[in-house]
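What follows is one structure encoded as structure tokens, with my remarks underneath.
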Amino acid sequence: KELKKYCESFNKIYSSSVWDITSANEIVSLNPSIIKIPSAMNLNFPLLSHICKIYNGEIHLSLGMTFNKEIAKKIDFFENKNKLNNLVIYYCRSSYPAYEDKLNLNQISKLKSLFGNKIKSIGFSGHHPGISIDIAAYTLGAEYFERHFTLNRTFKGTDHAASLEPDGLRRLVRNL
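The numbering of the sequence shown is the working numbering, which starts it at 1164 and goes up by one.
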């Protein structure tokens, strides 16, 4: 609640990833405009079903760690739940950090071609160094962007090295 209030004091949207039904219930109780489903939970259909039942806002779904047939299955699932108008899917390469030559950004164009007219939008979730890849993702059709954020990229843990520091985030926002 405190973080949501803080975000709103700067006219920013609060959102959180949900990892289980308990966290989904807690986040939904805050009435955010967006709920994020991380890659690790994108095939958890009991969780996805629960969210569709109790939540009417935008659902942002990361597609990391999935195959094309699983992506189509997810789109069908959300279509059956009448949630496609609120669905944003994020192309994501689940490696930390993800290097340029392994990203296969053409997947963004493919997702846009296959599902762009059915869902709200396509996004890009990046775990790569720098910000130039995000601009390439934008030119290929990504409209939403998720980047990890840290105060210091040298902190311990795999996420920090693949995150943006404050100045990097400012430059990314400016460039986009």
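Glycine included, each C-beta is placed from N, C-alpha and C at the ideal position.
According to DSSP, simplified to helix, strand and coil, what is residue i?
{"i": "S1180", "result": "strand"}
{"i": "I1282", "result": "coil"}
{"i": "H1213", "result": "helix"}
{"i": "I1197", "result": "strand"}
{"i": "L1166", "result": "helix"}
{"i": "L1266", "result": "coil"}
{"i": "L1226", "result": "coil"}
{"i": "I1294", "result": "coil"}
{"i": "F1173", "result": "coil"}
{"i": "S1288", "result": "strand"}
Leaving out the 5 sequence neighbours to the left and right, which residues in its chain are closer than 7 Å to residue i when beta-carbon positions are compared?
{"i": "R1334", "result": "I1294"}
{"i": "D1297", "result": "F1287, G1289, F1308, L1335 and L1339"}
{"i": "Y1301", "result": "L1339"}
Ignore the nearest five residues each way along the sequence and tell me which others in residue i's own chain have a CB closer than 6 Å to its CB.
{"i": "R1256", "result": "L1266"}
{"i": "A1235", "result": "none"}
The ligand ATP and residue i: does any heavy atom of the ligand fall closer than 8 Å to the residue's C-beta?
{"i": "E1189", "result": "Among the ligands in the structure shown, none appear at all, so the ligand ATP cannot be discussed."}
Please list, in chain order, all residues of the same chain as residue i whose beta carbon is under 8 Å from its beta carbon, the five residues on each side excluded.
{"i": "E1242", "result": "K1281"}
{"i": "P1195", "result": "K1167, I1176, Y1177, S1178, S1179 and G1220"}
{"i": "S1272", "result": "L1303 and G1304"}
{"i": "C1215", "result": "I1222, F1241, K1244 and K1246"}
{"i": "I1190", "result": "S1179, V1181 and I1198"}
List the whole-angstrom C-beta distance separating residue i from residue j, where the pair is believed to meet the contact cut-off of C-beta under 8 Å.
{"i": "I1252", "j": "I1285", "result": "6 Å"}
{"i": "S1225", "j": "N1205", "result": "6 Å"}
{"i": "L1268", "j": "A1299", "result": "6 Å"}
{"i": "I1197", "j": "Y1218", "result": "Not really, about 10 Å apart at Cβ, beyond 8 Å."}
Quick one: give me the first and last residue of the beta strand (DSSP E) that residue i is part of.
{"i": "Y1253", "result": "L1250 to C1255"}
Under 9 Å, Cβ to Cβ, is there at least one residue of chain B near residue i?
{"i": "D1322", "result": "Going by chain labels, chain B is absent from the structure shown, which holds only one protein chain."}
Specify, as a first and last residue, the run of the alpha helix (DSSP H) that residue i falls within.
{"i": "A1235", "result": "N1231 to N1243"}
- Message: Quick check on the DSSP output: what are the complete alpha helix (DSSP H) runs of length 4 or more inside the stretch 1306-1333, in order along the chain?
- Response: 1321-1324
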